[in-house]
Amino acid sequence: MNVPASSRRFQIFSYAVLAYTLAVVLWGAFVRATGSGAGCGDHWPQCNGVVVPREPTVATLIEYTHRVTSGLALILAGVLCVWGLRAHAKGHPVRGAAVLSLVFMLTEAAVGAGIVLLKYVADNPSIARAYWMALHLINTFLLVGAQALTAWWAGGRSRWVMRGQGLAGALVGVGIAGLLLLGVTGAIAALGDTLFPATSFTEGLQQDMSETAHILLRLRVLHPLLAVGLGALLVGVGNVLARLRPSESVKRSASQLTVLYALQLGAGLTNLVLLAPVWMQLVHLLLADLVWIALLRLSVAALSEDAPRAALRPSPEAIAAPSK
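Residue numbers (full-length UniProt numbering): 1 to 324.
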């Protein structure tokens with residue numbers, strides 16, 4: 001059964017917080033892509049040892065802007081959490097999602113601080129930086145996902161349940177795990193593009209295939225391969241879930257996931273051919289976040305308490321085919 005919808009003001013605010021967080025995430029990618037992560041030195045939360053930098057360089061302005069906007073995002077997450085708890089009764093799914101939004105915002109700040117304090121910024125090519133980038137990507141996905149579900153459940157959708165979901169639950173788990181893995185390889189590929197830019201498509205391929213190439217370059221080739229394979233998997237997951245849980249919400253979410261992933265593949269190919277310009281990296285990341293949100297919405301719609309259930313049946317062609 002559906003839970004009570006939140007007030008119109010809370011619904012608008014939850015979507016506004018999500019949109020603002022996505023903008024901050026994109027600016028963070030701009031910081032990395034432009035090599036401005038060391039713009040405030042290895043100081044945090046201060047910038048070059050002061051609260052407000054004097055005579056800042058362009059890199060300092062870029063990094064400082066990210067810190068200021070991130071601070072505002074933390075405040076908004078706090079307001080969303082408090083409002084969500086105060087405006088909804090116990091058991092309402094908005095409460096848990098709003099709390100997780102704040103938790104993941106705090107861990108996002110902690111990971112960002114760690115990257116700065118450990119100097120995993122600018123031209124640092126260490127494999128440890130790749131691990132931190134992977135952690136950053138996963139936490140960002142969890143943060144965006146929690147905020148997206150806060151807005152989703154604010155509209156009065158049913159709670160989701162994991163127990164007793166059978167194949168549908170397994171497919172949701174596979175899809176989420178697969179997309180997280182793809183996101184991690186994408187973060188590593190983007191780091192490789194930033195640290196080891198190529199002057200031509202051919203040179204980029206030679207970098208990836210060279211036995212003496214840096215490990216970040218050798219890992220970079222995994223991302224496009226996984227993107228194609230996991231893309232087919234996600235589309236298949238969406239189609240099967242739409243058959244297992246044939247509600248309008250599930251069907252619509254599955255269609256949205258397919259369209260967004262097709263756009264993401266196109267953006268990825270464009271990014272590869274154009275040698276990863278900064279603006280294209282941001283478009284690629286935005287689409288990745290939207291694909292993630294679409295997958296989560298599909299998942300909670302398919303696993304909701306009131307989702308209709310249908311058993312998979314063989315097609316008429318399969319029934320008519322003679323057995324061997």
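Beta carbons: idealized from backbone N, C-alpha and C, even for Gly.
- F201 and L269 do not touch by the CB rule: their CB atoms are close to 11 Å apart, not below 8 Å.
- Annotation for Y131: the continuous alpha helix (DSSP H) segment containing it runs I127 to A154.
- Looking at the DSSP output, V50 bridges to C47.
- V24 sits close to A73, with the two beta carbons spaced by under 7 Å.
- Our two residues, L191 and V121, have alpha carbons roughly 10 Å apart in a direct line.
- For S304, the three-state secondary structure derived from DSSP is strand.
- Beta-bridge partners assigned by DSSP to S255: none are found.
- With a cutoff of 7 Å on beta-carbon distance, V291 and L260 are scored as near each other.
- DSSP places S70 within a helical segment (H, G or I) once states are collapsed to three.
- For R8, the uninterrupted alpha helix (DSSP H) run begins and ends at R8 to A33, by DSSP.
- In the structure shown, S200 adopts coil according to DSSP, grouped into three states.
- In chain order, L230, L233 and L234 place their CB closer than 8 Å to the CB of G178, counting only its own chain and leaving out the 5 sequence neighbours on each side.
- Judged by beta-carbon spacing, V237 lies within the 7 Å limit of L171, meaning their Cβ atoms are closer than that value.
- Under the Cβ criterion (8 Å, minimum of three pairs), the segment 31–46 does not count as touching the segment 145–164.
- For P277, there is no enclosing alpha helix (DSSP H), since its DSSP letter is neither H nor E.
- For G91, there is no enclosing alpha helix (DSSP H), as DSSP marks it with neither H nor E.
- Taking 7 Å as the cut-off, the beta carbon of L298 is found closer than this to the beta carbon of A254.
- Per DSSP, the beta bridge partners of W160 are S304.
- Annotation: N124 is outside any alpha helix (DSSP H) and is labelled neither H nor E by DSSP.
- Counted as a single uninterrupted DSSP element, the alpha helix (DSSP H) harbouring V237 occupies residues L222 to L244.
- According to the DSSP assignment, T194 belongs to the alpha helix (DSSP H) that extends over G166 to L195.
- Beta-carbon to beta-carbon, A301 and L244 are separated by about 12 Å, too far to satisfy the 8 Å threshold.
- Residue environment for M133: buried (at least 16 other C-beta atoms within 10 angstroms of its C-beta).
- With a 10 Å radius around the Cβ and a threshold of 16 neighbouring Cβ atoms, E108 comes out buried.
- Straight-line measurement puts the Cα of V68 at about 24 Å from the Cα of T194.
- By the Cβ neighbour-count rule, Q206 is exposed, with fewer than 16 other Cβ atoms within 10 Å of its own.
- With contacts defined by Cβ atoms closer than 7 Å, V17 and L118 do not form a contacting pair.
- DSSP places H214 in the coil class of the three-state scheme, outside both helix and strand.
- G183 sits away from L217, with the two beta carbons spaced by 7 Å or more.
- In the displayed model, T57 falls within coil according to three-state DSSP, outside both helix and strand.
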